[in-house]
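Heads up: the protein sequence lines correspond to chains X and P, in order.
The first sequence begins at 69 in my numbering and counts up one residue at a time.
The second sequence begins at 53 in my numbering and counts up one residue at a time.
Ideal placement from N, C-alpha and C gives every residue a C-beta, glycine not left out.
Being a predicted model, the structure only gives us computed values, none of them experimental.
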Amino acid sequence: AQKVTQAQTEISVVEKEDVTLDCVYETRDTTYYLFWYKQPPSGELVFLIRRNSFDEQNEISGRYSWNFQKSTSSFNFTITASQVVDSAVYFCALSDEGGTGRRALTFGSGTRLQVQP
Amino acid sequence: DGGITQSPKYLFRKEGQNVTLSCEQNLNHDAMYWYRQDPGQGLRLIYYSQIVNDFQKGDIAEGYSVSREKKESFPLTVTSAQKNPTAFYLCASSDYRRNTEAFFGQGTRLTVV
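In structure tokens, the structure reads:
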């Protein structure tokens with residue numbers, strides 16, 4: 069079963085629009101960690117945020133904000149006033165043990181964001 | 053500088069050959085990971101290792117093998133049994149005990165010719 073679902077394959081917005089990238093996860097663990105990464109055209113993954121399962125506070129970092137809701141198993145990412153430089157593929161990831169005793173890091177399929185000038 | 057180094061950046065393989073992708077980290081991380089990314093696709097976990105001399109299969113381990121003889125190194129061998137090996141391969145490491153974010157290398161693009 070897919071553990072991390074990013075239902076939006078591709079999103080296109082015009083510069084200065086706000087955009088929200090959805091992430092829904094599935095785990096049986098009570099302790100787990102969620103992440104967002106950005107992959108620009110160069111290919112290297114850039115870490116954006118980490119959140120543990122006990123911290124449901126929303127977080128804002130400049131134009132970026134994250135909304136973590138355990139009740140709906142969602143960890144959504146919003147970019148306010150988008151810019152062309154935000155164009156990239158964004159990945160949501162989950163770190164849990166899944167009953168194995170070993171912690172694996174599982175990624176969603178990614179959302180490609182295109183910001184048009 | 054601390055980080056993860058993957059080599060080579062581009063690799064060409066003839067059908068039927070085994071090839072090994074290198075991944076080295078100097079971050080003193082216990083956990084290391086290998087992912088495969090196909091065009092327009094997400095990252096799929098091939099193998100991961102949390103300590104030296106121990107590693108686990110991920111979702112798509114068939115046709116791949118790894119070793120973890122040193123903490124710093126986690127090489128991935130793409131064997132001839134992997135039917136469609138052309139892809140972008142990413143290596144990562146993390147501080148397993150502190151559950152920090154994973155740090156990624158710049159990737160190796162493997163093409164079968």
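Is the beta carbon of residue j closer than 7 Å to that of residue i?
| i | j | result |
| --- | --- | --- |
| phenylalanine 143 (chain X) | cysteine 91 (chain X) | yes |
| phenylalanine 175 (chain X) | phenylalanine 159 (chain X) | yes |
| alanine 156 (chain X) | lysine 84 (chain X) | no |
| alanine 83 (chain P) | isoleucine 98 (chain P) | no |
| phenylalanine 140 (chain P) | arginine 120 (chain P) | no |
| alanine 161 (chain X) | phenylalanine 115 (chain X) | no |
| serine 110 (chain X) | glutamine 182 (chain X) | no |
| phenylalanine 64 (chain P) | valine 165 (chain P) | yes |
| glutamine 184 (chain X) | valine 82 (chain X) | yes |
| arginine 161 (chain P) | tyrosine 87 (chain P) | no |
| glutamate 76 (chain P) | serine 125 (chain P) | yes |
| tyrosine 148 (chain P) | alanine 172 (chain X) | no |
| leucine 89 (chain X) | threonine 148 (chain X) | no |
Check residue i in the structure and name its three-state DSSP category.
| i | result |
| --- | --- |
| valine 165 (chain P) | coil |
| aspartate 123 (chain X) | coil |
| threonine 140 (chain X) | helix |
| aspartate 164 (chain X) | strand |
| aspartate 90 (chain P) | coil |
| aspartate 147 (chain P) | coil |
| aspartate 154 (chain X) | helix |
| isoleucine 187 (chain X) | Chain X is shown only over 69 to 185; residue 187 (chain X) falls outside these bounds and no answer can be derived. |
| glutamine 107 (chain X) | strand |
| serine 133 (chain X) | strand |
| glutamine 182 (chain X) | strand |
In terms of residues, what are the limits of the beta strand (DSSP E) holding residue i?
| i | result |
| --- | --- |
| tyrosine 99 (chain P) | 95-103 |
| glutamate 168 (chain P) | Because residue 168 (chain P) is not part of the residues shown, which for chain P are 53 to 165, the question remains open. |
| threonine 57 (chain P) | 56-59 |
| aspartate 97 (chain X) | Counting along the chain, aspartate 97 (chain X) falls outside any beta strand (DSSP E), and DSSP gives it neither H nor E. |
| alanine 21 (chain X) | The structure shown does not extend to residue 21 (chain X), since chain X spans only 69 to 185, so no value can be given for it. |
Less than 8 Å between C-beta atoms, sequence neighbours within five positions excluded: which residues of the same chain meet that for residue i?
| i | result |
| --- | --- |
| lysine 135 (chain P) | Gly115 |
| tyrosine 101 (chain X) | Arg118, Arg119, Asn120, Ser121, Leu162, Ser163 and Asp164 |
Leaving out five residues on either side along the sequence, give the residues of the same chain with a beta carbon under 6 Å from the beta carbon of residue i.
| i | result |
| --- | --- |
| tryptophan 134 (chain X) | Ile117, Glu127 and Phe145 |
Which same chain residues end up closer than 7 Å to residue i when comparing Cβ atoms and leaving out the 5 residues on each side of it in sequence?
| i | result |
| --- | --- |
| glutamine 89 (chain P) | Leu95, Ala139, Phe140 and Leu142 |
Looking at chain B, is there any beta carbon in it that lies within less than 7 Å of the beta carbon of residue i?
| i | result |
| --- | --- |
| glycine 55 (chain P) | No chain B appears in the structure shown, which is made up of the protein chains X and P. |
Inset, instruction - Mind checking the segment 130-145 of chain P against chain X and listing, in chain order, the residues whose C-beta falls within less than 8 Å of any C-beta there? - result: Phe140, Leu142 and Ala144
Inset, instruction - Output, in sequence order along the chain, the residues in the segment 59-72 of chain P whose CB is closer than 8 Å to any CB in chain X. - result: none
Inset, instruction - Please list the residues of the segment 112-133 of chain X that have a C-beta atom closer than 8 Å to any C-beta atom in chain P, keeping them in chain order. - result: Glu112, Leu113, Phe115, Arg118 and Asn120
Inset, instruction - Could you list the residues in the segment 78-97 of chain P with a C-beta less than 9 Å from some C-beta on chain X, going in chain order? - result: Ala83, Tyr85, Tyr87, Gln89, Gly92, Gln93, Gly94, Leu95, Arg96 and Leu97
Legend entry - Interface residues of the segment 161-179 of chain X facing chain P [CB-CB below 9 Å]: Ala161, Ser163, Thr168, Arg170, Arg171, Ala172, Leu173, Thr174, Phe175, Gly176, Ser177 and Gly178
Inset, instruction - Compile a chain-ordered list of the residues in the segment 100-123 of chain P whose CB is closer than 9 Å to at least one CB of chain X. - result: Tyr100, Gln102, Asp106, Gln108, Gly110 and Asp111
Legend entry - Residues in the segment 92-108 of chain X having any Cβ partner in chain P nearer than 7 Å: Tyr101 and Phe103
Inset, instruction - Select from the segment 138-159 of chain X all residues with a C-beta closer than 7 Å to any C-beta belonging to chain P, and list them in chain order. - result: Phe159
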